[in-house]
Every structure is written in C-alpha cells, then in structure tokens.
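Residue numbers (this note's numbering): 10 to 188. All C-beta atoms, glycine included, are put in the ideal place defined by N, C-alpha and C. Written below as structure tokens is the structure these notes are about.
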C-alpha cells in the first residue's frame with residue numbers, strides 16, 4: 010500500500026487555544042430566534058409609521074396637454090445641435106422651442122390662462138389664480154415642434170382645467186404668430 014500524507018492544518022483553521030474566526034451560523038440563528046419579538050416589534054413600528062405617513066400625504070393629480078408650435082411659412086424648428094444652442098427656427102427671425110416652452114410658464118401666460126378658466130368655468134371654487142397656475146405648470150419639449158404641458162394639483166379637475174386652458178392659449182398665440 011502506498012503511504013499518503015495526511016493533510017496538515019489549514020491556514021484558516023484555529024490552532025490550539027485560538028477561537029475560530031469563521032462565524033458559527035448556529036449562533037446567529039439562535040440569536041435571531043431568541044430576539045425575534047424585538048425584531049418583529051421594530052419592524053411593526055416602522056411599518057405602521059410608514060403607512061400613517063404615506064396615508065397622510067395629499068393626493069396629487071397630473072394632467073398633460075400637447076401643443077404643436079406653428080412657425081411662419083418657410084420656417085421650421087430643428088433639433089438642437091449642441092446643448093448650448095438649443096432648438097432654432099430655420100429661415101429667419103423667431104424664438105427657439107425652449108423659449109416657447111419657457112413662455113408657457115410665464116406670469117403673463119398664467120394670467121391669460123386664469124382669465125380663460127374663470128370665463129369658461131364660473132362654477133369652479135375656489136377660483137384658479139395665476140399664482141396657482143405658475144406653481145403647477147411644468148413643460149417638456151419634444152423636437153421638432155411639440156411642447157407638453159404638465160399641470161399638477163390636489164384636484165384632478167383643476168389639473169385638467171389648467172393644462173387644457175394653457176394649451177388653448179398657447180395654440181391661439183402660435184396660430185396668431187404663424188400668420
């Protein structure tokens with residue numbers, strides 16, 4: 010028979026008088042089982058607190074309208090060549106699509122929108138103000154000539170009224186400017 014050497018102690022095995030540095034899984038399982046009520050209590054308190062916090066938040070509704078910006082005959086918005094330039098109309102004077110989008114959120118446009126909402130929806134209470142419109146409107150440009158108008162409110166009806174009235178005002182001004 011061939012005499013084979015017996016394996017020596019592993020480099021990670023503890024020598025006499027040392028404790029193992031490898032954690033004993035049974036120790037951890039026993040600790041978790043022993044303290045399970047503490048773990049469950051902490052989890053329960055955090056979970057209930059999160060549910061109470063989330064349920065106390067107001068509901069926010071968002072309505073979105075799209076506007077296609079018309080340009081004078083012979084001109085068309087083109088995509089940005091660089092982030093610094095922005096979208097520029099081809100063929101003459103005009104403003105960029107980004108500027109048009111900023112104009113949507115302007116105070117003047119908000120006042121026109123508030124007047125339109127009051128005129129067409131006299132039963133809305135409380136009245137929609139220009140300040141509410143400015144605070145709730147955000148825009149997004151979609152090249153080559155589209156602006157998306159996002160209106161947020163705690164009321165779905167108010168969000169819809171603001172988004173639609175703003176889009177109507179933008180559409181009217183775009184038609185007026187293109188002719």
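Per DSSP, what kind of secondary structure is residue i in: helix, strand or coil?
i           : result
residue 133 : coil
residue 175 : helix
residue 98  : Per-residue confidence for residue 98 stands at a pLDDT of 43, beneath the threshold of 50, marking its modelled position as unreliable; the derived number appears in the next sentence. In the structure shown, residue 98 sits in a strand (DSSP, three-state: E or B).
Here's the rule I'm using: 16 or more other beta-carbon atoms within 10 Å means buried, otherwise exposed. How should residue i be labelled?
i           : result
residue 181 : exposed
residue 50  : exposed
residue 109 : buried
residue 142 : buried
residue 69  : exposed
residue 34  : exposed
Pull the bridge partners of residue i from the DSSP assignment, please.
i           : result
residue 37  : Looking at the DSSP assignment, residue 37 forms no beta bridge with any residue, so it has no partner.
residue 70  : 162
residue 77  : 155
residue 147 : 159
State yes or no: is the C-beta of residue i within less than 8 Å of the C-beta of residue j?
i           : j           : result
residue 162 : residue 171 : yes
residue 122 : residue 73  : no
residue 178 : residue 118 : yes
residue 55  : residue 48  : no
residue 138 : residue 113 : no
residue 160 : residue 146 : yes
residue 144 : residue 71  : no
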